[in-house]
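Chemist:
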Amino acid sequence: MSFPVAKAHPLEVRVVSKRFDIPDANTLPVYLAHDGFKALEKAFRLAPEAIIEEVKVSSLRGRGGAGFPTGMKWSFVPKQSAKPKYVLCNADESEPGTCKDRLIMQYDPFAMIEGMLIAGRAIDAHQGYIFIRGEYRYLVDVVERAIAEAYAAGYLGKNIRGSGFDFELSAHTGAGAYECGEESALMESLEGKRGIPRLKPPFPATSGLYGGPTVINNVETLATIPHIILGGGAWFLGLGLPKNGGTKLTCLSGHVNNPGVYELPLGFPLKRLIEEIGGGILGGKKLKAVVPGGSSTPIFNAAEAETLTLDFDAVAKAGSFLGSGGVVVLHEETCMVKFATRIMQFYKHESCGWCVPCREGTNWLLLTLGRVHRGGGRAKDIDLIREVSENILGRTFCALGDAAAMPTLSIIKKFREEFEAHLDGRPCPYAPTLVPRAPAAGPFVTV
Amino acid sequence: MADTEKLVTFTVNDRKLAAPAGTLLIEACKTANVEVPSFCYYPNLSLQAACRMCLVEIEKMPKLQTACTVLVAEGMVVQTESEPVRKARKSALEFILTNHPLDCPVCDAGGECELQDMTFRYGAAESRFVEIKQHRDEQQWSPVVYFDRPRCILCYRCVRVCGEGMDVWALGVGNRGVSSVIIPNKQDHLECEECGMCIDICPVGALTSGAYRYKTRPWEMKHVANVCTFCGDGCKTTLGIRNDEIVRGDNRDKSGINGDFLCIKGRYGFDFTQHKDRLRQPLVRVDGVLKPVSWAFALQTVARRFQETQAAGRPIGVLGSTRTVNEENYQLQKFARRVLQTNHIDHHRTADFPALYDALAGKHSPVPLAASEDLKTAKAVFLIGSDPTNEHPLLAWNLRWGYRLNKTRLYLLNSQPIKLRRQAFRAAIVPAGSEGQAIRFLNGGGAVKATLSQTAGPDDKRWPQTPASRPEATQETLGDFRERLQKESDVIIVFGAELRGDDIHELVKFGSSLPGTTRYIALADNANSHGAADMGLYPDLLPGYTPVADVAARQRFESLWGGAIPSAPGMDAGDILGTAGKGELGALYVVGSNPFRHHPVDPAALRTTFVVVQDLFLTETAKQADVVLPALSAYEKQGTLTNTCGEVQLQKGGALFEGAKTDLEILHTLAGLLGHKWAAPDADEIFTEIRGNVKGYNVSLVQVLAGSSALSMSVNGPVPHQHALTQIQPNRDSLFTAGSLGRYSTALNAILEKRLRAEKV
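Just so you know, the protein sequences line up as chains H and C, in that order. Take the first sequence: its position 270, counted from the start at 1, is 251 in this note's numbering, and no numbers get skipped. Take the second sequence: its position 569, counted from the start at 1, is 601 in this note's numbering, and no numbers get skipped.
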């Protein structure tokens, strides 16, 4: 399957995306011609502990959103286990604003497979699964073909390339649930059950898929591993900042002239991303707000965006998260109430329904935000939205509740005046033609 | 399970507490009388942490933690009433109430609703939710289960009790997010065991009972503890009685031997008491037709005819009941032996208790009977015959409990692949009728062909996720089965009516060869089958299995009862009915039994037999009677009942029924009319006599009166009892039938009809 190549922007530092501009790098011969599986061969010569050490040195942090140090995660897996160990690749990329894993699977699926093999070698696992987001239907074909090619060439299966190492791999698709990107819900789904999160502890490293010790990593994390093994942890670390090693795919979307996925060293200034890479704000308008790491991260206003650099610690210090690297740019004509409503629409739809605050809270927030946007809000609704969000925050079973509450709280805090402008039957300032209307008639109309 | 060896100390609300390591914080708090509210947490079901009501503050933990999932740890400092905790509870309730209809004034659960209670205690008086509530129409899932969907708060208790507890797995969750909804296994209806546990466990009024819904409010009923009158397990069912009529049976305070459990019969079967065919007036046959008469006339007729029969020297046969209370059975055999001067007395036998006691004689002291609850904690259980899921639902629940929570290894020997094989460590299927032979094989006898199957056993962590591990069957002898069983210690042996007589001696021989103390449960079918046997409803055995031929024992009872009783063993039920069939029986006195249903007697032959039937309904037997005396049911009288394990429990009655009398009152009146001065019919007085004179019944009165069970230890000596083994005729009841009585329950019939209709389609 051929795709048009993705040319690099001059400011990019391409590591994990280095094969994106090589035609047909998603076929095994081309992959092999461009350092493919060299890292695996090197890994076969290394002791498992040495592989983990190399990853630790690189300071690679999980690219799925939580940013947990990958080497440390691997080192939690017990050496001895009565049950089989597993390596899982979390390819359930669903966070709004995030679109990087699909490119890896599209252009460079073997890097992900090689990363899984190295992870398997490091923790002594012999079975891997790639859990692909259900909506990425076209990528399943690419990944499955890559797996088949790897099997045919002896890079998967028994006694891989004469190393004595066995590794079986298969791809599995989700059924359209954001929640299944949560690692334990993913495992439930992979086991054929309803996609709801599990109680932790036990953590996957000790009891994950089918109760066996499991390493689960994001696509980008795993695809980065071969480069770290080949180039060395210290080299990768040097590309970024101490504790924020290397480069990261950043997904730039929203009101910019050149949206796209760019690989940047960690610590890259947000302003330069928008202006120099993104080509400035659409239509020459002014910046209003930026989502730094996918829709679940607290939003920054224009002033905060001015000095922000994109690495895990700097963004955290500024009160948000680097997350999955989904940078969404909003210009001055964006209605923040509508934006908050749209985000909540997503989380209400994607809440798995397991625990009370998330299930009922996202629904409540969506109804109230929608009502406020339509002009049906009263002054006390603003604090109500804030308090309901606070009541979700930190009290849910998994992080989905926080993901819904955090951006809402930040929008209320930073753009309160926009909510106030909507109250008491006034039309939306950004869509004056939107006529306030009563909620649809239902059995219990209470307003 | 908690490691009882090691205690950890921790602090809750500045109070120093200690609990065994491995205890859940919520349980430790409960023990220490610290209330931590919860909806989704339910003891002994899997953990959910879904309702977020039990959030507590634990020092050094950044967020509030769910007390239902945290284990107590050394030095842990917990706050359960701090401001953050209080706020979290209030908000959890607020969230739950956003889509919960406030129809408490008409809801069945109003007054005994956990959400209502918690809202009063922890919630806010005012709702801030002003949006449109989600609404869904209610559904009827089965004749007895309704689901009012908007009321559901998704605690998943019903899903778990049905799956993990009942091993039925009829409920699941559909949709997601705020649209999540509990759905039955067949999309719009249930195909399950209809136990109603989902209704009982529902904290709100989402799942409601088809028998009870919208009938009354909880505070309008009096709640009376009773023992279920159907199978032999003796579950406690709390009857909700309004205006002297039973409107509900449930498991209100979970204090009975059945704990959480109650099956369809205990929950819905009570409605036979108000069946339209219930007898309200004595009937006497006049010119070939049964005519309603006064009690005085009927009883005088009976007394006169008994006297005439006695004077003519013709035999009188007495058939007792397995559903009447111990006091009535004791008085009935006293009436037969002392007043009617006959040992022709028997009952519908469904288990061979005399053989078990005879086999155990002298081997152990006290007699090693197992209580029903012991099955929950047994290391190993050996089950022979029967299908407890259908015939002994409580014992099946307890067996599953042991498997699920205490890793009980269940060995199963049966002629049919019963449902409990899913929990069996080893299951052997032998041809029907060769169960006894299989036991002999265990004792070193000849080989038996068996189909063996096995599961990974209780160590298989996939359970409960994997509802049915379907083991592969192999055709081989029972060698491996025997080998493994012989390595077990402290086994509880449970056996059905497949084993009787010598087979039971063989079984006890095998049981005695096992290490530790082997305990036994003989499975009998009806509510007081064990009690009827204990009370001496046998032609050759006095109360406590004392042979009537034993001079000393007979004299003891003669002096107690103030006169002579016949010394020769009488006819058993088969012979009594056979004699009647030949037209040679003078009189037949049937109390709460329906022998003609399965052993019809030619009406022509009965022409010279005076037949008296004491019953609730005009049964097959009653239809042929000369006098029919309407009796009160078990739910309308006091007394004690002995379940199949030998546990004695108190029956408190509570309901009233116009026109009928207790069997005890009838007996005492008849005795008086026949010239015997019996004291007033007081069940308490008679129980005192039983405790003092029936071996094994010297149970703790305090325990029984407090409403819990006391295990009777019956006899410990040989029981020289010769009888036809064919007299043991098990009911082979399903979950929805119960001998003659089940036919009069509308709820049970509704289920059966539904199933028949489904089969036809």
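Idealized CB from N, CA, C, for every residue including glycine.
Which one of Gly248/H, Lys(-12)/H and Gly307/H has the shortest CA to CA distance from Glu3/H?
Modeler: In the first sequence, counting from the first residue as 1, residue 3/H sits at position 22. Looking at the sequence itself, residue 3/H is Ile, so the reference to Glu does not match. Nearest C-alpha to Ile3/H: Lys(-12)/H.
Chemist: One question on the structure: do Ser277/H and Glu76/H come within less than 8 Å of each other, judged by their Cβ atoms?
Modeler: Locating residue 277/H in the first sequence gives position 296, where the first residue counts as 1. Locating residue 76/H in the first sequence gives position 95, where the first residue counts as 1. Yes, these two residues count as a Cβ contact at 8 Å.
Chemist: State buried or exposed for Leu743/C, treating a residue as buried only when at least 16 other CB atoms are found within 10 Å of its CB.
Modeler: In the second sequence, residue 743/C corresponds to position 711, counting from 1. Leu743/C comes out buried.
Chemist: Rounding to the nearest angstrom, what Cα-Cα distance links Ala215/H and Ala92/H in this structure?
Modeler: For the purposes of this step, residue 215/H is taken as the residue at position 234 of the first sequence. For the purposes of this step, residue 92/H is taken as the residue at position 111 of the first sequence. In a straight line, the C-alpha of Ala215/H is about 20 Å away from that of Ala92/H.
Chemist: Please compile the residues from chain H whose C-beta is within a distance smaller than 7 Å of the C-beta of Ala120/C.
Modeler: Walking along the second sequence from the start, residue 120/C turns up at place 88. Under the 7 Å cutoff, chain H gives Arg376.
Chemist: Thinking C-alpha only, which one of Trp55/H, Cys339/H and Ile141/H is nearest Ser370/H?
Modeler: As a working mapping, residue 370/H is identified with position 389 in the first sequence. Looking at the Cα atoms, Cys339/H is the closest of the given residues.
Chemist: Quick one: does Gly259/H have its CB under 8 Å from some CB of chain C?
Modeler: Residue mapping note: residue 259/H aligns to position 278 of the first sequence, counting from 1. Taking Cβ atoms only, chain C never reaches closer than 8 Å to Gly259/H, which makes this a no.
Chemist: Pull up the distance between the alpha-carbon of Arg142/H and that of Tyr136/H, whole angstroms please.
Modeler: On the first sequence, residue 142/H is found 161 positions in, with the first residue counted as 1. On the first sequence, residue 136/H is found 155 positions in, with the first residue counted as 1. Using only the alpha carbons, I get a separation of about 6 Å.
Chemist: Looking at Ile255/H: is its Cβ nearer than 8 Å to the Cβ of Val272/H?
Modeler: Walking along the first sequence from the start, residue 255/H turns up at place 274. Walking along the first sequence from the start, residue 272/H turns up at place 291. Contact flag unset, no.
Chemist: I'd like to know whether the C-beta of Val40/C is nearer than 8 Å to at least one C-beta of chain H.
Modeler: Position 8 of the second sequence, counted from the start, is the residue given in the question as residue 40/C. Chain H contact via Cβ: absent.
Chemist: Please confirm whether Lys439/C has its beta-carbon closer than 8 Å to some beta-carbon of chain H.
Modeler: Position 407 of the second sequence, counted from the start, is the residue given in the question as residue 439/C. It does not; no Cβ of chain H falls within 8 Å.
Chemist: Run through DSSP, which three-state label would Thr674/C get?
Modeler: To locate residue 674/C, count along the second sequence from 1; it is residue 642. Strand at Thr674/C.
Chemist: Are the C-beta atoms of His330/H and some chain C residue less than 8 Å apart?
Modeler: Working through the first sequence from its first residue, we reach residue 330/H at position 349. Closer than 8 Å to some Cβ of chain C, the Cβ of His330/H qualifies, so yes.
Chemist: Closer than 9 Å by beta-carbon distance: list the chain C residues that pair up with Ala158/H, in chain order.
Modeler: In the first sequence, residue 158/H corresponds to position 177, counting from 1. What Ala158/H touches in chain C: Arg208.
Chemist: Using only the alpha-carbon positions, how far apart do Ser353/C and Ser123/C sit?
Modeler: For this step, residue 353/C is matched to residue 321 along the second sequence. For this step, residue 123/C is matched to residue 91 along the second sequence. Distance between the alpha carbons of Ser353/C and Ser123/C: 57 Å.
Chemist: In the DSSP assignment, the beta strand (DSSP E) including Leu445/C goes from what residue to what residue?
Modeler: Start at 1 with the first residue of the second sequence, and residue 445/C comes out as number 413. That run of the beta strand (DSSP E) goes Arg441 to Asn446.
Chemist: Using only the alpha-carbon positions, how far apart do Ile783/C and Ala391/C sit?
Modeler: Against the second sequence, residue 783/C aligns to sequence position 751. Against the second sequence, residue 391/C aligns to sequence position 359. Cα to Cα, the separation comes out at about 41 Å.
Chemist: Ile278/C and Lys254/C look like a contact to me (Cβ under 8 Å); what is the Cβ gap, rounded to whole Å?
Modeler: Position 246 of the second sequence holds residue 278/C. Position 222 of the second sequence holds residue 254/C. Actually they are not in contact, since the Cβ atoms of Ile278/C and Lys254/C sit about 11 Å apart, beyond 8 Å.
Chemist: Would you call the segment 346 to 353 of chain H and the segment 297 to 306 of chain H in contact, with 3 or more CB pairs under 8 Å?
Modeler: Taking 8 Å as the limit for Cβ pairs, the verdict is that the segment 297 to 306 of chain H does not touch the segment 346 to 353 of chain H.
Chemist: Work out the CA separation of Leu289/H and Val296/H for me, nearest whole Å.
Modeler: Along the first sequence, read from residue 1 onward, the residue named residue 296/H stands at position 315. Along the first sequence, read from residue 1 onward, the residue named residue 289/H stands at position 308. Val296/H and Leu289/H: Cα-Cα distance of roughly 7 Å.
Chemist: Report all residues from its chain with a CB closer than 8 Å to the CB of His753/C; omit the five preceding and five following residues, and keep chain order.
Modeler: On the second sequence, residue 753/C is found 721 positions in, with the first residue counted as 1. Cβ neighbours of His753/C beyond the five flanking positions: Pro386, Ala387, Asp390, Tyr570, Asp572, Leu573, Tyr577 and Pro579.
Chemist: Can you grab the Cα-Cα spacing for the pair Ala53/C / Gly96/H, in whole Å?
Modeler: Mapped onto the second sequence, residue 53/C falls at position 21. Mapped onto the first sequence, residue 96/H falls at position 115. Approximately 41 Å, taken between the alpha carbons.
Chemist: Any heavy atom of the ligand NAD within a distance shorter than 7 Å of the CB on Thr248/C?
Modeler: No copy of the ligand NAD appears in this structure; indeed no ligand is present at all.
Chemist: Please give me, in chain order, every unbroken run of the beta strand (DSSP E) with length at least 3 that falls completely inside the segment 78 to 128 of chain C.
Modeler: Qualifying beta strand (DSSP E) stretches, in chain order: 87 to 90 and 109 to 111.
Chemist: Starting from the beta carbon of Leu84/C, find every residue of chain H whose beta carbon is closer than 8 Å, and list them in chain order.
Modeler: To locate residue 84/C, count along the second sequence from 1; it is residue 52. The question names Leu, but residue 84/C in the sequence shown is Arg. What Arg84/C touches in chain H: Cys336, Val337, Pro338, Arg376, Thr377 and Phe378.
Chemist: Would the beta-carbon of Ala270/H fall within 8 Å of that of Met317/H?
Modeler: Walking along the first sequence from the start, residue 270/H turns up at place 289. Walking along the first sequence from the start, residue 317/H turns up at place 336. Yes, these two residues count as a Cβ contact at 8 Å.
Chemist: When the cut-off is 8 Å and only beta carbons count, does Ala81/C lie next to chain H?
Modeler: For this step, residue 81/C is matched to residue 49 along the second sequence. Yes - at least one Cβ of chain H is within 8 Å of the one on Ala81/C.
Chemist: Using the three-state DSSP reduction, which class does Asn626/C fall into: helix, strand or coil?
Modeler: Within the second sequence, the letter at position 594 stands for residue 626/C. Asn626/C falls in the coil class under three-state DSSP.
Chemist: Does the beta-carbon distance from Ala284/H to Ile392/H come in below 8 Å?
Modeler: On the first sequence, position 303 is the one that residue 284/H refers to. On the first sequence, position 411 is the one that residue 392/H refers to. In this structure, Ile392/H does not lie closer than 8 Å to Ala284/H by Cβ.
Chemist: Which residues in chain H have a C-beta closer than 9 Å to the C-beta of Asn128/C? List them in chain order.
Modeler: Here residue 128/C corresponds to residue number 96 of the second sequence, with the count starting at 1. A quick correction: the sequence has Ile, not Asn, at residue 128/C. Under the 9 Å cutoff, chain H gives Val337 and Glu341.
Chemist: Would you say Arg175/H faces chain C, with C-beta separation under 8 Å as the test?
Modeler: Here residue 175/H refers to the residue found at position 194 when the first sequence is read from its first residue. Yes - at least one Cβ of chain C is within 8 Å of the one on Arg175/H.
Chemist: Taking C-alpha atoms, which residue in Ile536/C, Val540/C, Asp522/C and Lys541/C lies nearest to Val549/C?
Modeler: The residue you call residue 549/C lines up with position 517 of the second sequence. Looking at the sequence shown, residue 549/C is not Val but Thr. If we check each option's Cα against that of Thr549/C, Asp522/C comes out closest.
Chemist: Counting only beta-carbon atoms, is Trp345/H nearer than 8 Å to chain C?
Modeler: As a working mapping, residue 345/H is identified with position 364 in the first sequence. Yes, Trp345/H counts as interfacial toward chain C.
Chemist: Whose C-beta lies closer than 7 Å to the C-beta of Pro216/C among residues of the same chain, with five residues either side of it excluded?
Modeler: Sequence index remark: in the second sequence, residue 216/C carries index 184 (1-based). If we look at Pro216/C and ignore the five residues flanking it on each side, its Cβ neighbours are Trp173, Ala202, Leu203 and Leu222.
Chemist: Whose C-beta lies closer than 7 Å to the C-beta of Thr240/C among residues of the same chain, with five residues either side of it excluded?
Modeler: Counting from 1 along the second sequence, the entry for residue 240/C is found at position 208. Cβ within range, chain order: Asp140, Tyr178, Asp180 and Ile231.
Chemist: Spell out whether any CB of chain C is found under 8 Å from the CB atom of Asn238/H.
Modeler: On the first sequence, position 257 is the one that residue 238/H refers to. Asn238/H does not count as touching chain C.
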